[in-house]
Each structure stands twice: as structure tokens, then as C-alpha cells.
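In my numbering, the protein residues as written are 0 to 130. Report on the structure given below.
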């Protein structure tokens with residue numbers, strides 16, 4: 000198994016730097032061909048969303064499509080694909096950031112009833128409360 004850092008995953012997804020994108024593609028596609036798994040952490044998923052939206056102006060819908068494809072990739076391994084899928088669905092429908100919804104999912108998995116936040120837009124959604 001190979002763990003992917005955000006910069007390798009982003010180079011592979013956006014192909015913006017010919018040299019680094021080629022190297023990222025060779026690594027990822029080579030691993031897939033060999034049947035080797037690729038670990039993508041929750042942190043990498045959050046950073047990828049941030050980079051795609053802020054640096055590359057991907058829309059929320061485009062980001063959801065990209066992350067959805069990653070979650071369905073046979074070679075990709077996640078800490079919890081179900082938790083990420085729920086976070087992605089909330090991100091698709093909600094007003095918060097992907098990281099907000101993943102924080103909620105992680106808190107619930109740890110036994111919390113809700114997440115205390117000052118973020119007003121999140122307070123209208125289940126699983127968030129005022130401090």
C-alpha cells in the first residue's frame with residue numbers, strides 16, 4: 000500500500016504541472032496495474048477539497064464528482080469510506096465546508112451527540128449546536 004499526499008493526488012487530478020503530473024500518474028496508474036492499494040487519509044481528502052475550490056475554482060458539484068469517483072475507486076483505501084460518503088453527501092446538499100461535515104461524522108463516531116460551533120450556517124443543520 001502507498002499513502003498519497005495531497006500534492007500528489009492534486010497533480011494527478013488536475014494535471015497542471017507536466018513533470019509532477021506525469022510522475023503522479025505513473026505512480027498511481029502503476030499501483031493500480033499491480034493491484035496495489037492507495038491510502039487516502041481524511042486529512043488528504045479535506046486538503047484536496049480546499050485546494051480544488053480555492054486554487055482551481057472547482058465548483059461544489061465538480062468537487063463532489065471528483066471525490067465520489069475517488070470513493071468508488073477499487074484501488075483507493077480510506078479510514079472509513081462510509082463516513083466520507085456521508086460527509087460528501089452533506090457537503091453536496093449543505094452550506095458548510097467538507098471538513099465541517101467530516102468533523103461532525105468523526106465526532107459522532109467517537110460518541111458525541113453534536114459538534115459545538117460558532118458557524119451560523121451550520122447551526123441550522125443536524126449535529127451542530129451553539130457553544
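No residue lacks a Cβ here, since even glycine has one placed at the ideal position from N, Cα and C.
Could you spell out the range, first to last residue, of the alpha helix (DSSP H) harbouring residue i?
i, result
"residue 123", "No alpha helix (DSSP H) holds residue 123; DSSP gives it neither H nor E."
"residue 67", "59 to 71"
"residue 93", "From DSSP, residue 93 is part of no alpha helix (DSSP H); its letter is neither H nor E."
Based on the DSSP secondary-structure assignment, which residues constitute the bridge partners of residue i?
i, result
"residue 38", "2 and 76"
"residue 115", "128"
What separation, rounded to the nearest whole angstrom, lies between the Cα atoms of residue i and residue j?
i, j, result
"residue 60", "residue 90", "9 Å"
"residue 95", "residue 120", "7 Å"
"residue 55", "residue 129", "33 Å"
"residue 1", "residue 35", "8 Å"
"residue 109", "residue 3", "25 Å"
Given residue i, which residues of its chain have a CB within under 8 Å of its CB, disregarding the five upstream and five downstream residues?
i, result
"residue 70", "77, 80, 83, 84 and 87"
I'd like to check one pair, residue j with residue i: are the Cβ atoms closer than 8 Å?
i, j, result
"residue 31", "residue 97", "no"
"residue 45", "residue 101", "yes"
"residue 113", "residue 93", "no"
Only counting the same chain, and skipping five residues up and downstream in sequence, which positions put a Cβ closer than 7 Å to that of residue i?
i, result
"residue 62", "48, 51 and 52"
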